[in-house]
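>
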Amino acid sequence: MSAAPPNPSSTATAGSSSVWSALEPHLPKVAKPARYIGLEDGAPASERAPHKVGWLLCYPDTYEIGLPNQGLQILREIVNERDDAYAERGYAVWSDLEAIMRRERIPFFSVETHTSAAAFDAIAFNLSAELTYTNVLNCVDLAGVPVRSDERDETHPLVVVGGHCTYNPEPLADFVDVVVLGDGEEVIGEITDVLREWRAEGKTAGSRPNVLRALAGVEGVYVPSLYDVAYDGPFLAEVTPRFPDVPERVEKRTISDLAEWPYPKQQLVPLTEVVHDRLNVEVFRGCTRGCRFCQAGMITRPVRERPAEQVRSMIDSGLKRTGYDEVTLTSLSTADFSGIEQTVQDVMDLDTGSAQPITLGLPSLRVDAFTVGLANKIQNARRTGLTFAPEAGTWRMRQVINKLIREEDLYGAVGSAYSQGWRRMKLYFLTGLPSETDEDTLGIAELAKNCVELGREHHKNPSVTVSVGGFVPKPFTPFQWFGQNTEDELRRKINLLKDATRKMNGVQLKWHDPRASVIEGLLSRGDRRLGRVLELVWRRGGVFQEWGEHFDEKLWLDAMAECGLDPDWYIHRHRTEDEVLPWDHLSAGLHKDFLWMDWQDALAEVGLPDCRWTPCYDCGACTGYSIEHIVASATPPAGGSQGTGQDLGAGHSVPVELTPRIPQGAKP
Amino acid sequence: MTPPRTERIRIRFDKFGRIRFTSHRDVARVWERSLRRSRLPVSYSEGFSPRPRLRFGLALATAHESCGEYLDVDLEPGAVSSGRVDIDELAPLVNPMLPPGMTIQATAHVEPGAPSLQESVDSCTWLVDVPQMTPAQAHDLVERALAAEELPVTRTRKGKSVTDDIRPNVLALRVADPDERPPAAEWQPAGALLRAELGTHPRACRPAELLAAVDPTLEEGRVVRLHQWTMVDGVRREPVPLEASPPVGAGIARPSAAHAIERAS
Ligand code: SF4
Chain A
20 MSAAPPNPSS TATAGSSSVW SALEPHLPKV AKPARYIGLE DGAPASERAP
70 HKVGWLLCYP DTYEIGLPNQ GLQILREIVN ERDDAYAERG YAVWSDLEAI
120 MRRERIPFFS VETHTSAAAF DAIAFNLSAE LTYTNVLNCV DLAGVPVRSD
170 ERDETHPLVV VGGHCTYNPE PLADFVDVVV LGDGEEVIGE ITDVLREWRA
220 EGKTAGSRPN VLRALAGVEG VYVPSLYDVA YDGPFLAEVT PRFPDVPERV
270 EKRTISDLAE WPYPKQQLVP LTEVVHDRLN VEVFRGCTRG CRFCQAGMIT
320 RPVRERPAEQ VRSMIDSGLK RTGYDEVTLT SLSTADFSGI EQTVQDVMDL
370 DTGSAQPITL GLPSLRVDAF TVGLANKIQN ARRTGLTFAP EAGTWRMRQV
420 INKLIREEDL YGAVGSAYSQ GWRRMKLYFL TGLPSETDED TLGIAELAKN
470 CVELGREHHK NPSVTVSVGG FVPKPFTPFQ WFGQNTEDEL RRKINLLKDA
520 TRKMNGVQLK WHDPRASVIE GLLSRGDRRL GRVLELVWRR GGVFQEWGEH
570 FDEKLWLDAM AECGLDPDWY IHRHRTEDEV LPWDHLSAGL HKDFLWMDWQ
620 DALAEVGLPD CRWTPCYDCG ACTGYSIEHI VASATPPAGG SQGTGQDLGA
670 GHSVPVELTP RIPQGAKP
Chain B
45 MTPPRTERIR IRFDKFGRIR FTSHRDVARV WERSLRRSRL PVSYSEGFSP
95 RPRLRFGLAL ATAHESCGEY LDVDLEPGAV SSGRVDIDEL APLVNPMLPP
145 GMTIQATAHV EPGAPSLQES VDSCTWLVDV PQMTPAQAHD LVERALAAEE
195 LPVTRTRKGK SVTDDIRPNV LALRVADPDE RPPAAEWQPA GALLRAELGT
245 HPRACRPAEL LAAVDPTLEE GRVVRLHQWT MVDGVRREPV PLEASPPVGA
295 GIARPSAAHA IERAS
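If you read the protein sequences in the order shown, they are chains A and B. Per my numbering, the first sequence starts with residue 20, numbered consecutively. Per my numbering, the second sequence starts with residue 45, numbered consecutively.
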């Protein structure tokens with residue numbers, strides 16, 4: 020094993036104040052130094068006091084990617100509103116500054132006050148992408164804190180993770196102390212209560228295990244070190260709590276009503292350019308369209324809408340306060356928001372005191388004419404491009420993934436977009452889906468060609484950009500049992516598309532690096548044994564793996580070989596129904612047999628309509644927590660459930676066979 | 045029919061402290077948002093994606109501080125002449141919207157058709173801290189630079205390496221006293237201070253280039269742009285002098301105006 024990166028802890032005296040004076044002379048030498056200065060509007064330094072619990076809320080990627088993260092901004096405000104806690108923020112430092120920090124022994128710091136990370140009670144990371152895991156280790160190490168949980172004691176902060184990837188945190192189990200499942204709004208307060216007691220008692224020697232035990236009692240909190248893992252050959256035999264008071268299965272947290280959480284109230288306005296640099300207002304959380312590849316949709320059920328009135332006032336006050344001229348209504352499928360048309364109209368009518376119209380963004384557009392109508396209303400000025408995500412090239416394949424868009428829907432949407440002045444379409448697809456044949460793959464090119472032809476009826480040079488991603492199966496989806504396509508297979512499919520589109524005028528093909536998809540797949544469904552792999556990759560400099568220029572597949576494969584682990588077994592193997600999955604002791608609220616039946620339906624090419632407007636399938640997300648969808652409208656949106664143009668709620672004929680679900684009795 | 049004319053104001057602001065690490069581009073975006081927040085009637089360009097009509101002066105390098113940064117803002121027709129906007133009230137209105145370290149120092153009205161900031165500025169005065177340099181070394185450097193016939197520097201232009209002589213652009217150079225630091229500069233010199241006036245034509249000469257041309261081992265520490273200079277009727281002056289508060293709303297589109305700026309009488 021090569022030498023560990025030099026540990027800068029010797030200068031990182033806990034409780035010491037700012038590292039700014041040590042850092043500042045070096046900033047003129049690094050790229051984009053504005054990443055490290057804080058000073059965002061909306062972020063006055065929170066007041067510290069000895070009795071207060073300090074949270075360092077981190078995003079394990081660069082400032083530009085991490086700053087807009089709404090989850091962290093929400094938690095920052097909730098913590099800072101308490102009088103017994105404060106929160107600051109940290110972001111992974113780019114390699115140029117990291118080299119300087121290691122040489123000059125400057126520890127990882129918060130951007131508000133440049134306080135050493137080790138001086139906080141908890142360093143918490145938002146995990147949104149598997150390839151950032153090694154950055155988590157790097158940030159902790161750069162803080163002067165031991166990376167392995169079992170090497171830390173009371174003098175060190177707790178390392179906490181939350182976010183979508185924590186539904187399988189097992190590859191990180193050796194490194195993190197506390198994992199939070201689900202919505203963080205309530206649980207962060209409960210964790211803070213435990214930490215405040217710990218502080219009040221002076222964090223006495225040997226008290227760390229007690230705090231972890233206490234935290235394991237908080238609903239939604241998983242403490243990996245309190246579980247034993249038994250293997251049966253390569254297979255997982257069981258994961259069992261080591262103490263009777265530690266839950267056998269950790270349930271996710273779900274806030275029942277978004278209206279009670281109008282956060283962020285003061286969205287941060289950065290001084291330097293970041294992604295999603297605009298006002299973002301979350302209009303609902305959760306999605307029940309049931310796309311089978313989509314982890315975000317599965318794990319955030321049920322649907323909880325924000326009242327339209329609250330959306331309006333958040334937009335109005337947000338634009339006035341920030342000076343942004345652009346607002347995006349965020350959710351997994353914003354065109355589904357009840358009363359979306361009225362909300363759009365209200366935004367268009369806002370008086371901003373300027374001649375400039377507000378630009379309104381609707382991400383995740385549905386594929387239907389209703390959506391184009393909406394877009395038409397908004398984009399009266401900038402008619403550049405529209406993006407749709409049919410996800411698969413044939414109707415058969417779309418039934419498998421439960422993205423029930425008919426070809427007529429797509430052509431209707433694209434045709435009306437062209438006729439209303441748009442020239443460029445972007446279409447998103449996945450390849451490497453379960454049961455995908457070459458005919459399905461080539462269907463992507465066919466759809467694109469037909470879209471361009473539709474465009475020719477309206478413009479001289481219409482263009483369609485086809486963006487293809489390699490499908491990565493995720494935990495708590497019906498596809499969690501599916502053996503991911505190999506790199507070679509993904510490459511072969513991309514090549515099929517390259518050949519097919521080469522001569523198609525107006526069609527551009529873009530694709531994601533299949534190697535990155537494969538490593539993402541390794542981590543997404545991996546178990547605790549991957550901890551050693553992560554550590555090896557990190558120690559050999561494998562950070563910022565989500566960046567093409569830094570990604571290094573060989574580092575991962577070499578580390579796997581060294582640990583005697585078989586990538587094929589982890590990534591490309593189909594799982595059986597009785598296999599113990601590494602995340603079976605965690606719960607996203609979904610019954611495992613619901614997911615299995617949905618997987619069987621997928622293979623049988625059977626679609627399932629949205630449960631917002633049709634009977635419940637008892638997936639568990641509502642039933643298990645006695646909550647329900649909060650939607651303002653009892654009828655499906657004008658586009659119909661699933662964008663099929665069919666009113667499924669009213670029982671019209673639908674283009675797929677539906678199998679109403681009968682609750683399967685008591686769930687484990 | 046020609047559309048009614050927009051009215052241009054010129055803002056002089058400073059940039060000190062942590063905010064010095066933002067880029068020229070960042071500062072432009074900060075202005076766009078701050079002006080929107082202040083609800084000033086800024087004029088927007090036509091077309092598919094209207095942008096506020098703002099124009100900035102010579103870019104200030106990231107990490108440099110300044111007492112004299114400029115921007116021109118086009119306001120909607122009649123904004124100033126009708127009294128809707130009082131340019132003397134601009135600083136108190138907009139300053140609270142600016143991030144810590146950026147402050148409006150002065151404002152002035154600009155005649156239509158006046159040359160842009162980019163074109164009109166001929167030179168800048170810089171205060172440069174050179175860490176590890178003693179006063180004696182500094183005096184020696186000044187002497188050598190002023191005595192030199194040529195001061196060649198290597199620059200990259202369009203991907204090619206070219207050599208330029210910057211000596212003609214070294215208009216003045218001397219060792220400066222520590223108390224010449226502007227009051228807003230919250231730092232102590234780490235070495236000797238130089239004060240240099242460097243020309244901007246045909247290409248702006250940067251303080252680091254001056255140092256490199258005289259002694260390649262020297263590196264700049266803190267750098268402050270103290271002034272930008274422009275020639276008006278043979279008189280060297282600042283685009284907006286600090287002491288002068290120009291008359292409000294006076295003389296829109298005065299046909300005989302030959303000057304970029306109206307001066308206080
Ligand atoms: S419990 Fe029923 S209504 Fe709730 S998300 Fe699951 S299937 Fe839909």
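All C-beta atoms, glycine included, are put in the ideal place defined by N, C-alpha and C. Since the model is a prediction, treat every value here as computed from it, not as a measurement.
Check whether chain B comes within 8 angstroms of residue 112(A), counting only Cβ atoms and requiring the distance to be less than that.
Taking Cβ atoms only, chain B never reaches closer than 8 angstroms to residue 112(A), which makes this a no.
> Contact check, residue 166(B) vs residue 275(B) under 8 angstroms by CB: the rounded distance?
With 8 angstroms as the limit, residue 166(B) and residue 275(B) qualify as a contact, their Cβ atoms being about 6 angstroms apart.
> For a test of your reading of the model: does the CB of residue 639(A) fall under 7 angstroms from any non-hydrogen atom of the ligand SF4? Yes or no.
Correct: residue 639(A) has its Cβ closer than 7 angstroms to the ligand SF4.
> Using only CA atoms, which one of 492(A), 412(A) and 495(A) lies nearest to residue 464(A)?
Cα-wise, what sits closest to residue 464(A) is 412(A).
> Just how far apart, CA to CA, sit residue 449(A) and residue 313(A)?
Using only the alpha carbons, I get a separation of about 11 angstroms.
> CB of residue 158(A) to nearest heavy atom of the ligand SF4: below 7 angstroms?
Answer for residue 158(A): no, Cβ out of range of the ligand SF4.
> On the premise that residue 346(A) lies in contact with residue 338(A), defined as a C-beta separation below 8 angstroms, what is that separation, rounded to the nearest angstrom?
Going by Cβ atoms, the distance from residue 338(A) to residue 346(A) rounds to 6 angstroms, so yes, they are a contact pair.
> To the nearest whole angstrom, what separates the beta carbons of residue 175(A) and residue 119(A), a pair I think is in contact under 8 angstroms?
Not really, about 24 angstroms apart at Cβ, beyond 8 angstroms.
> Would you tell me roughly how many angstroms separate the C-alpha atoms of residue 286(A) and residue 297(A), rounded to the nearest one?
Each residue's alpha carbon lies about 9 angstroms from the other.
> Closer than 8 angstroms by C-beta to residue 326(A): which residues in its own chain qualify, once you throw out the five before and the five after it? Chain order, please.
Once the five neighbours on either side are set aside, the close Cβ partners of residue 326(A) are 278 and 651.
> Name the DSSP bridge partner or partners of residue 220(B)?
Answer is 237(B), bridged to residue 220(B).
> Examine chain B for any beta-carbon lying closer than 8 angstroms to the beta-carbon of residue 342(A), and answer yes or no.
Answer yes: the Cβ-Cβ gap between residue 342(A) and chain B drops below 8 angstroms somewhere.
> I want to know whether the region 170-182 of chain B touches the region 192-211 of chain B - three or more CB-CB distances under 8 angstroms.
No, the region 170-182 of chain B is not in contact with the region 192-211 of chain B.
> Check whether the Cβ atoms of residue 238(B) and residue 152(B) lie closer than 8 angstroms to each other.
Their beta carbons are not under 8 angstroms apart, which means residue 238(B) does not touch residue 152(B) by this criterion.
> Just the C-alpha distance for residue 425(A) and residue 418(A), rounded to the nearest angstrom, thanks.
C-alpha separation (whole angstroms): 10 angstroms.
> Would residue 80(A) be called buried (16 or more neighbouring beta carbons within 10 Å of its own) or exposed?
Buried is the call here.
> Using the rule of at least 16 other Cβ atoms within 10 Å of the residue's Cβ for burial, across every protein chain shown, is residue 206(A) buried or exposed?
The residue is buried, with at least 16 neighbouring Cβ atoms inside 10 Å.
> Starting from residue 52(A), find everything on chain B with Cβ-Cβ shorter than 8 angstroms and list it in chain order.
Ordered by position in chain B, the residues that pass the 8 angstroms Cβ test against residue 52(A) are 65, 106 and 107.
> Does residue 78(B) come within less than 8 angstroms of chain A when only Cβ atoms are used?
Closer than 8 angstroms: yes.
> Tell me residue 153(B)'s beta-bridge partners as DSSP assigns them.
Bridge partners of residue 153(B): 53(B).
> Could you tell me which whole beta strand (DSSP E) segments of length 3 or greater appear in the region 400-451 of chain A?
Complete beta strand (DSSP E) runs here, min 3: 404-410 and 443-450.
> With 8 angstroms as the limit, tell me which residues of the region 282-311 of chain A have their beta carbon closer than that to any beta carbon of chain B; keep them in chain order.
Hits within the stretch, in order: 288, 290, 291 and 292.
> At the level of alpha carbons, what is the spacing between residue 288(B) and residue 123(A)?
Note that residue 288(B) scores 49 on pLDDT, short of 50, meaning its location in the model is unreliable; the coordinates nonetheless yield the value given after this. The alpha-carbon atoms of residue 288(B) and residue 123(A) are separated by roughly 47 angstroms.
> Quick one: which chain B residues come within Cβ less than 7 angstroms of residue 47(A)?
Result: 107.
> Within 10 Å of its beta-carbon, does residue 92(B) have 16 or more other beta-carbons around it, so buried, or fewer, so exposed?
Exposed: under 16 other Cβ atoms inside 10 Å.
> Is there at least one non-hydrogen atom of the ligand SF4 closer than 7 angstroms to the beta-carbon of residue 321(A)?
Yes; taking the cut-off as 7 angstroms, the Cβ of residue 321(A) has a heavy atom of the ligand SF4 nearer than that.
> Over the uninterrupted beta strand (DSSP E) stretch that includes residue 204(B), give me the two end residues.
Residues 204-209.
> Any heavy atom of the ligand SF4 closer than 7 angstroms to the beta-carbon of residue 282(A)?
Checking the Cβ of residue 282(A) against the ligand SF4 gives no.
> Determine contact between the region 531-542 of chain A and the region 624-632 of chain A, defined as no fewer than three beta-carbon pairs at a distance below 8 angstroms.
No, the region 531-542 of chain A is not in contact with the region 624-632 of chain A.
> Nearest to residue 229(B) by CA position, among 219(B), 211(B) and 268(B), is which residue?
Per the Cα distances, 268(B).
> Within this structure, are the beta carbons of residue 211(A) and residue 98(A) separated by less than 8 angstroms?
For residue 211(A) and residue 98(A), yes; Cβs fall inside 8 angstroms.
> To the nearest angstrom, how far is it from the Cα of residue 77(A) to the Cα of residue 596(A)?
The straight-line gap from Cα to Cα measures roughly 37 angstroms.
> With a cut-off of 8 angstroms, does the C-beta of residue 58(A) fall near any C-beta of chain B?
Judged by the 8 angstroms Cβ criterion, residue 58(A) is in contact with chain B.
> Cβ closer than 8 angstroms: which chain A residues qualify as neighbours of residue 81(B)?
Result: 339, 340, 341 and 342.
> Could you tell me which chain A residues have their CB closer than 7 angstroms to the CB of residue 62(B), listed as they occur along the chain?
Within 7 angstroms Cβ-Cβ: 56 and 58.
> State yes or no: is the C-beta of residue 255(B) within less than 8 angstroms of the C-beta of residue 262(B)?
Contact: yes.
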